[in-house]
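Engineer:
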Amino acid sequence: MGTQTPPAGTASTRARLLDAAAKLFHEQGIHVGVDAVCRAAGVSKRSMYQLFAGKEDLVAASLERVAPEYSAALLPAADDGGSPRERIRHVFERLEELEPAQDFLGCPFVATAVQARSPEHPASLVARRQKDGLTAFFRHEARRGGARDPELLARQLTMVFDGASVRSVMQARELDGLAVTTANALMEVAGMGPPAASGDGAVLAGSAPAETTA
């Protein structure tokens, strides 16, 4: 049997739903109803249920939709030329910049997983994959930088990242370099190389490597 061609407009309808869902769920929480999402997207509930089995799938798909952009905003480009320590530090500098720019809404993956409660919720699985990707990025750079225990350092850095994001939300204020200095102290203790002469605090602009996520 041949592949069926999706109805005209299906792709744009799905995109509108996911964009509206991602915005509402991040700003107001995943308790926001399907009716509100459909109104914001200008899509009927019937159309929504033709595209998604239910609200859980919509939450998960909307989280997946924002993942590439979120990663690109955090991670340095694969060819930026920075040292492993600079590349890790870049992530924490970007975190500190993004929190106030996003009105202290915090990491959408942490927020969604906490609200979903169940580790088997489809959105929790998406959030876990995203965090595993961030840990993998830290682990890769830690190995390159000569850390004594790259796996341990990677998990510690991920915990600092998530904890710093939560603190920013709870306090509704900037981190004032706390995330950066904590990450830097962990790298120092782990035996990674000293800051480069050009300045360890330099922000390295660019997007995430294709094989990793934040």
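For what it's worth, the UniProt record's numbering labels the leading residue of the sequence shown as 1, then goes sequentially.
Every residue, glycine too, gets a C-beta built ideally from N, C-alpha and C.
Predicted model only: the values in this text are computed from it and were never measured.
Whole angstroms are fine: how far does the CA of Ser165 sit from the CA of Ala21?
Structural biologist: Mapped onto the sequence shown, residue 21 falls at position 21. Mapped onto the sequence shown, residue 165 falls at position 165. If you draw a straight line from the Cα of Ala21 to the Cα of Ser165, it is about 22 Å long.
Engineer: Tell me, please, whether the stretch 48-58 touches the stretch 125-139 by the rule of three or more beta-carbon pairs shorter than 8 Å.
Structural biologist: no
Engineer: If you follow the alpha helix (DSSP H) that Cys38 is in, where does it begin and where does it stop?
Structural biologist: One-based indexing of the sequence shown puts residue 38 at position 38. It spans Val34 to Ala41 - the alpha helix (DSSP H) in which Cys38 sits, taken as one unbroken run.
Engineer: Report the rounded CA-to-CA distance for Leu18 versus Ala61, giving the unit in angstroms.
Structural biologist: Counting from one through the sequence shown, the residue named residue 18 turns up at place 18. Counting from one through the sequence shown, the residue named residue 61 turns up at place 61. Whole-angstrom Cα-Cα distance: 7 Å.
Engineer: Could you pull out every residue in the same chain whose Cβ sits closer than 6 Å to the Cβ of Glu64, ignoring the five residues on either side in sequence?
Structural biologist: If you number the sequence shown from 1, residue 64 lands on position 64. Excluding residues within five positions, the ones whose Cβ falls inside 6 Å are Val126.
Engineer: Taking the runs of the beta strand (DSSP E) that are 3 residues or longer, which of them lie wholly in the stretch 155-182?
Structural biologist: none
Engineer: Would you say Thr112 and Phe138 are within 8 Å of each other, going by their C-beta atoms?
Structural biologist: Position 112 of the sequence shown holds residue 112. Position 138 of the sequence shown holds residue 138. No, they are not a contact pair.
Engineer: Might you give, ordered along the chain, the residues of its own chain that have their beta carbon closer than 7 Å to the beta carbon of Arg94, omitting 5 neighbours on each side?
Structural biologist: Here residue 94 refers to the residue found at position 94 of the sequence shown. The answer, listed in chain order, is Ala73 and Leu74.
Engineer: In three-state terms, what does DSSP make of Ser44?
Structural biologist: If you number the sequence shown from 1, residue 44 lands on position 44. Annotated three-state conformation of Ser44 is coil, per DSSP.
Engineer: For the alpha helix (DSSP H) that Gln130 lies in, which residues bound it at each end?
Structural biologist: By one-based count along the sequence shown, residue 130 stands at place 130. Per DSSP, Gln130 belongs to the alpha helix (DSSP H) from Pro122 to Arg144.
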